[in-house]
Structures are given as structure tokens and as C-alpha cells.
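In what follows, a structure is listed as C-alpha cells, so that the remarks can point back to it.
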Amino acid sequence: MIYGDRKTGVIVQGATGQQGAFHLKLMNEYAKEVGGTGVVAGVTPGKGGQEVHGIPVYDSVRDALLEHDATTAVLFVPGGAAGDSIMEEAEAGVELVVAITEHIPVHDTMRAIAYAKLHGCAVIGPNCPGVLSPGELKLGIMPSSLFSRGHVGVISRSGTLTYEVVDELTRRGIGQSTVVGIGGDPVIGQTFSDVLARFEEDPATKAMVLIGEVGGNLEEEGAGSTDLPLVAYIAGVSAPPEKRMGHAGAIAEGGEGDAKGKIRRLRGLGIRVADRVSEIPDIVTDFL
């Protein structure tokens, strides 16, 4: 539980849109299942006074916070407006924004994350699946049926690969403390290092799984920043150089950020790196 617990109040921004309404319902079904608070309000400008699955909708974040106790927001706002929405959340005093939205202009993301940081607001994403602490809290779009409660933390740049790894762990009887998808864009709020620093303060987390991909060096920075037992998996070993692979940030340029180089550098740091997803549970078991 590094970003909240079952008592955390949540706002969904973009609640009246198709995706916002769909995932609001799923988040609250999970909250009900674990006896949690869940989503207390939605925000869509011009739609104040409506309800989505029984949750009241407001025209602004400030209006919602006047009526409800919430510290966290999940964003399903279209890309062109998402940067302003993050800043609106931060300015209103929200402590954490989980930005599910993809295709946010990079300069908007840079400005919004910098503004949020000045206001003491952490941003996860954008272009991410969110956060799930089994038995406590679901923020975003992760399929909760794959998860089980336990002592292994997971951080990933990839959404679907996260689900595959979690499923492998659960099938082997290895539960998770919290799973965080940090997003695959070139600019993101919470990095591997940021999230690992929170995991280090979490008594429920005994070991970590780090799931990376081609592009940048955030994986190496993160793995070198923690004393927690850690296994890494890097996707994209077969990715051709200079080829963007799925995520906007997943591109190896000028010989930097390729998967084989990442794996070599991680092993140079003493990190165990799995060659296949199926190997991850065996390595994690050695840590527990």
C-alpha cells in the first residue's frame, strides 16, 4: 500500500465519458468487494448534477472536493485536455493523479508534471494502467481477477506485460503487495526510482519485480537505487534499432536504450534478470 489504502477517496475526471464511466464502475465494484471507499465523485465540466453509476458528477475538482473527502484522482480525459486536468487536480490539493490517458502532447505532460510537483502532487503516467494494491485499492484499469495479496511489489512500463507477470506470480502462489504501471510515454511522472523509494518504506513488500522495455535508462537508474531484492525482465530483445515498439518512449536511438544493453548493465549492477516471464516466479521465490 504505497499510494493509498481501502479508505482512500477517489475522484474520476472524465467520469461521464465511455471509458471513465466503465472503469469507475469496476473500481467501485472492487472497493465494495474489499470494504473500501472507492470513487466518491466524478468531474466533467458542463455535466455537473448528473450521476454515473450512482456517483455524483461535478463541473470542477474544487466543487467535488467541497462535498467529498478525496486525495486521489484517476484521469480519463482526452489527450488534448489532460495536461490542464492534471494541473487542475494539483492546484485543488489532490495528492496523487493517475493519468490513464494516452496521446497527451509531450510539452503538455512536461508542464503538467512540473506544475504538479510544485504543488506536492505525484503523477503516475500518463499512458499507464494505474495502481492496484490487492485487497485494498484499485486505481485505473488493471484486471483485478489476476491479482492476489502478498509481499512482492511490481513496477512496469508495459500494461499487458504487467498482467502476464502478475498472472504468473498468482498461479505460483506468490501474492503482490502493490503493482504500479508507470506508463510508456517518453515523459512520465513517477519513475522506477520514485516508486521503488516508496516500496522501500512499505513493510509489506519483501521483494520486487521490475518490468522494463527498450528506450531510455530508467530501469538501470531504478534498479541501482534500491536495496530490496529485485528481479528484472526487459522486453524487446528482438526489437530492431531505431524502431519504436508500441510505446512512444520505447525506442532505442544511437545505440542507447536497447534491450540487450539494458540487460548487460543490470547484470553488471548485480541484478538478476529473467530471460523469460515464466522464470520470474522461480527467482522471486529465492528472495522470499
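Residue numbers (our numbering): 755 to 1042. Here a beta-carbon is modelled for each residue, glycine too, at the ideal position from N, C-alpha and C. Predicted model only: the values in this text are computed from it and were never measured.
Beta-bridge pairing of Ile895 - partner residues as DSSP gives them: By 1-based counting over the sequence shown, the position of residue 895 is 141. Per DSSP, none; premise fails for Ile895.
So, is Val991 buried or exposed, given that buried needs 16 or more other C-beta atoms within 10 angstroms? Taking the first residue of the sequence shown as position 1, residue 991 is located at position 237. Per the 10 Å Cβ criterion, exposed.
Below 8 Å on the Cβ atoms is my guess for Ile988 versus Gly969; work out the distance and round it to an integer in Å. Translated into the one-based positions of the sequence shown, residue 988 becomes position 234. Translated into the one-based positions of the sequence shown, residue 969 becomes position 215. With a Cβ gap of about 11 Å, Ile988 and Gly969 do not count as contacting.
Extent of the continuous alpha helix (DSSP H) to which Ala775 belongs: Here residue 775 refers to the residue found at position 21 when the sequence shown is read from its first residue. Note, Ala775: alpha helix (DSSP H), Gln772 to Val788.
Name the residue from Arg903, Glu845, Asn782 and Ser839 whose alpha carbon lies nearest to the alpha carbon of Ile928. Position 174 of the sequence shown, counted from the start, is the residue given in the question as residue 928. Ile928 has its Cα closest to that of Arg903, out of Arg903, Glu845, Asn782 and Ser839.
On the three-state DSSP scale, how would you describe Thr826? Working through the sequence shown from its first residue, we reach residue 826 at position 72. The answer is strand: DSSP assigns Thr826 an E or B state.
Where are the alpha helix (DSSP H) runs, 4 residues long or more, that stay fully inside the segment 818-872, in chain order? 833-846 and 860-872
Using three-state DSSP, classify Ser1044 as helix, strand or coil. What is shown of the chain runs 755 to 1042, which leaves residue 1044 out entirely.
Tyr987 - partner residues in DSSP beta bridges: In the sequence shown, the residue the question calls residue 987 occupies position 233. The partner list for Tyr987 (beta bridge, DSSP) reads Ile965.
Please confirm whether Gly837 and Thr798 have their CB atoms less than 8 Å apart. Residue mapping note: residue 837 aligns to position 83 of the sequence shown, counting from 1. Residue mapping note: residue 798 aligns to position 44 of the sequence shown, counting from 1. Not in contact: Gly837 and Thr798 (Cβ atoms no closer than 8 Å).
Out of Phe1041, Pro957, Asn782 and Glu975, state which residue places its alpha-carbon closest to the alpha-carbon of Met755. Locating residue 755 in the sequence shown gives position 1, where the first residue counts as 1. Met755 has its Cα closest to that of Pro957, out of Phe1041, Pro957, Asn782 and Glu975.
Which listed residue (Val1038, Ile765, Thr770 and Thr762) has its alpha carbon closest to that of Val906: If you number the sequence shown from 1, residue 906 lands on position 152. With distances taken between Cα atoms, Val906 lies closest to Val1038.
Should the segment 848-861 be called in touch with the segment 873-884, which here means at least 3 C-beta pairs below 8 Å? yes
Go ahead and pull the three-state DSSP assignment for Val815. Along the sequence shown, read from residue 1 onward, the residue named residue 815 stands at position 61. Helix.
How long is the line joining the alpha carbons of Thr826 and Ala876, rounded to whole angstroms? Working through the sequence shown from its first residue, we reach residue 826 at position 72. Working through the sequence shown from its first residue, we reach residue 876 at position 122. The alpha-carbon atoms of Thr826 and Ala876 are separated by roughly 10 Å.
Just to confirm my understanding: we take Gly802, look at its own chain, exclude 5 residues before and 5 after, and list those with CB closer than 7 Å. What are they? The count along the sequence shown starts at 1 and reaches residue 802 at position 48. Once the five neighbours on either side are set aside, the close Cβ partners of Gly802 are Val811, Tyr812, Asp813 and Asp817.
What does the alpha-carbon distance come out to for the pair Gly768 and Val831? If you number the sequence shown from 1, residue 768 lands on position 14. If you number the sequence shown from 1, residue 831 lands on position 77. Here the alpha carbon of Gly768 sits roughly 5 Å from the alpha carbon of Val831.
Should Ile909 and Val941 be called a contact, given that it needs their Cβ atoms to be closer than 8 Å? For the purposes of this step, residue 909 is taken as residue 155 along the sequence shown, with counting starting at 1. For the purposes of this step, residue 941 is taken as residue 187 along the sequence shown, with counting starting at 1. Cβ atoms of Ile909 and Val941: not closer than 8 Å.
Could you tell me whether the Cβ atoms of Phe946 and Pro983 are closer together than 8 Å? Position 192 of the sequence shown, counting from 1, holds the residue named residue 946. Position 229 of the sequence shown, counting from 1, holds the residue named residue 983. In this structure, Pro983 does not lie closer than 8 Å to Phe946 by Cβ.
Could you tell me which of Tyr917, Gln773, Asp1012 and Gly796 sits nearest to Ser1032, measuring between CA atoms? Sequence index remark: in the sequence shown, residue 1032 carries index 278 (1-based). Residue Tyr917 is the option with its Cα nearest to Ser1032.
Pick helix, strand or coil for Arg911, following the three-state DSSP scheme. What you label residue 911 is simply residue 157 of the sequence shown in a count that begins at 1. Arg911 falls in the coil class under three-state DSSP.
Give every residue of the same chain whose Cβ lies closer than 6 Å to the Cβ of Gly976, excluding the five residues on either side of it in the sequence, and list them in chain order. As a working note, residue 976 is residue 222 in the sequence shown. Around Gly976: Phe946, Ser947 and Leu950.
Whether Met781 touches Val794 by CB criterion (8 Å): By one-based count along the sequence shown, residue 781 stands at place 27. By one-based count along the sequence shown, residue 794 stands at place 40. No, they are not a contact pair.
How many angstroms separate the CA atom of Asp759 from the CA atom of Asp823? Translated into positions along the sequence shown, residue 759 becomes position 5. Translated into positions along the sequence shown, residue 823 becomes position 69. Distance between the alpha carbons of Asp759 and Asp823 is about 14 Å.
Count the other CB atoms, across all protein chains shown, that sit within 10 Å of the CB of Lys892; report buried if there are 16 or more and exposed otherwise. Position 138 of the sequence shown, counted from the start, is the residue given in the question as residue 892. The residue in question, Lys892, is buried, as its Cβ has 16 or more Cβ neighbours within 10 Å.
Less than 8 Å between the C-beta atoms of Val815 and Ala846, yes or no? Along the sequence shown, one-based indexing puts residue 815 at 61. Along the sequence shown, one-based indexing puts residue 846 at 92. Contact: yes.
Through-space distance from Val860 to Asp981, alpha-carbon basis: The sequence position of residue 981 within the sequence shown is 227, counting from 1. The sequence position of residue 860 within the sequence shown is 106, counting from 1. Approximately 32 Å, taken between the alpha carbons.
Give me the residue from Leu829, Gln804, Val848 and Ile840 with the minimum Cα distance to Leu820. As a working mapping, residue 820 is identified with position 66 in the sequence shown. The alpha carbon of Leu820 has as its nearest neighbour, out of Leu829, Gln804, Val848 and Ile840, the alpha carbon of Val848.
Where do the N-terminal and C-terminal ends of the beta strand (DSSP E) with Leu982 fall, by residue? Walking along the sequence shown from the start, residue 982 turns up at place 228. Counting along the chain, Leu982 falls outside any beta strand (DSSP E), and DSSP gives it neither H nor E.
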